[in-house]
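Residue numbers (this note's numbering): 16 to 397.
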């Protein structure tokens with residue numbers, strides 16, 4: 016494997032001001048076979064990006080929350096078919112928008128309860144308001160304060176109970192606050208706040224010292240600034256430095272919401288340890304039986320993941336933890352690979368059949384439409 020080729024492709028993205036800086040690690044059969052840190056942690060101060068710099072990993076957090084739930088299933092404290100209402104009574108009786116509904120009041124009863132497996136696969140019927148803010152349901156989410164950092168997960172669930180589901184549970188796929196809901200399930204079932212649960216049952220066993228919901232003061236200098244490009248035309252080169260107002264919190268000062276679906280900060284070194292554990296079979300955080308739920312598609316035949324205003328990702332299903340490639344449609348993908356990413360461009364992937372894993376870190380807000388990730392994977396496999 017030629018590290019220079021991989022690094023050159025990413026350096027080109029830095030040079031054209033698509034990304035401020037980017038770091039990556041490639042694992043093959045348990046060994047680090049390529050690693051590099053390119054560009055800047057802080058462009059204005061000319062601070063080069065390092066392996067120990069801290070990045071907001073946003074939706075990569077879902078991997079930790081999903082593993083936490085699977086641990087509770089292993090211990091017999093929770094079942095994947097359990098209704099969420101058993102743990103969160105406010106969500107016991109939910110209404111569903113009728114097909115073609117023109118009003119949020121045009122609802123019908125849910126034909127079955129939202130179950131833990133629906134939450135983990137994003138088939139519960141919840142949504143993310145920010146993905147398409149013009150929709151009535153998105154405006155209702157905003158009015159109810161679903162995404163507010165000043166609300167606890169428990170308060171978010173109480174607010175969700177007053178809003179309709181988009182569809183009958185299990186009948187469709189919609190990326191959503193489901194992982195935040197299931198994060199509160201972890202709190203209720205375990206009796207621990209989510210950050211304490213993560214520390215005791217995930218981070219300490221894996222030796223993660225730089226992964227937090229809120230960065231401690233003595234490590235704050237390592238938190239990388241966020242950069243923002245052209246939000247209307249992401250392919251347009253050029254970056255500006257963002258501030259905490261852009262993403263509702265600074266990740267330095269604690270807020271009530273422990274965002275189970277997108278609140279963690281981590282380093283390249285730490286998150287590589289997490290993904291390496293999954294590549295090598297799950298230990299010490301998951302048993303082999305649970306890894307089946309992480310690596311195998313859990314969606315019905317013909318149901319693929321997709322996001323508002325973007326093409327359907329035909330061939331990509333979803334496990335109880337992340338996206339799974341079922342039918343490869345391009346040279347960047349291989350059947351069975353498991354992957355996800357975050358709002359600021361952080362990515363991870365592991366492929367059991369190839370014994371291959373990648374973790375990539377960068378900090379460009381809303382950068383998912385840039386093709387640096389599939390380009391990187393295609394070069395890796397070439």
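Beta carbons: idealized from backbone N, C-alpha and C, even for Gly. Keep in mind the model is a prediction, meaning the values are calculated, not measured.
The three-state secondary structure of residue 319, taken from DSSP, is coil. Between residue 69 and residue 280, the C-beta spacing is below 9 Å. With respect to the 9 Å criterion, residue 277 and residue 356 are not classified as neighbours on the basis of their beta carbons.
Comparing C-alpha distances from residue 309 to each of 315, 316 and 301 shows the shortest one belongs to 301. By the CB criterion at 9 Å, residue 128 and residue 111 fall outside the cutoff. Cβ contact annotation for residue 28 (same chain, cutoff 6 Å, sequence separation greater than five): 34 and 387, in chain order.
Contact between the stretch 231-244 and the stretch 46-60 is present: 3 or more CB-CB pairs across the two stretches fall below 8 Å. Between residue 335 and residue 132, the C-beta gap is smaller than 9 Å, which places the two residues in contact.
DSSP, reduced to helix, strand and coil, places residue 86 within a helical segment of the structure shown.
For the set 340, 18 and 80, the Cα lying nearest the Cα of residue 211 is the one of 80. Per DSSP, residue 388 is one residue of the alpha helix (DSSP H) stretching across 387-396.
With 16 or more neighbouring CB atoms inside 10 Å of its own CB, residue 312 falls in the buried class.
Using a C-beta cut-off of 8 Å, the stretch 358-373 makes contact with the stretch 36-46, since at least three inter-stretch Cβ pairs fall below that distance. Secondary structure at residue 339: strand, using DSSP grouped into helix, strand and coil. Judged by their CB atoms, residue 71 and residue 361 are nearer to each other than the 9 Å cut-off. Taking residue 250 as reference, the option from 59, 379, 343 and 89 with the minimal CA-CA separation is 379. Closest by C-alpha distance to residue 137, out of 248, 191, 275 and 324, is 191. No alpha helix (DSSP H) of 4 residues or more sits fully in the stretch 240-284. Counting along the chain, residue 384 sits inside no alpha helix (DSSP H), nor does DSSP assign it H or E at all.
Less than 9 Å divides the Cβ of residue 346 from the Cβ of residue 393. Remark: C-beta atoms of residue 273 and residue 230 do not approach each other more closely than 9 Å. Rounded to whole angstroms, the gap between the alpha carbons of residue 180 and residue 168 is 18 Å. In this structure, residue 175 lies near residue 161, with their beta-carbon atoms less than 9 Å apart. Non-local C-beta neighbours of residue 50 in its own chain, meaning closer than 6 Å and more than five positions away in sequence, comprise 40, ordered along the chain. Here residue 143 has 190, 191 and 192 as same chain residues with Cβ atoms under 7 Å from its own Cβ, once five neighbours each way along the sequence are excluded.
With contacts defined by Cβ atoms closer than 9 Å, residue 59 and residue 304 do not form a contacting pair. With fewer than 16 other Cβ atoms inside 10 Å of its own Cβ, residue 329 counts as exposed. Note: residue 43 is bridge-paired with 46 and 371 in the DSSP secondary-structure output.
Per the DSSP secondary-structure output, residue 52 pairs in a beta bridge with 38.
Across the set 286, 287 and 228, the C-alpha of 228 shows the shortest separation from the C-alpha of residue 264.
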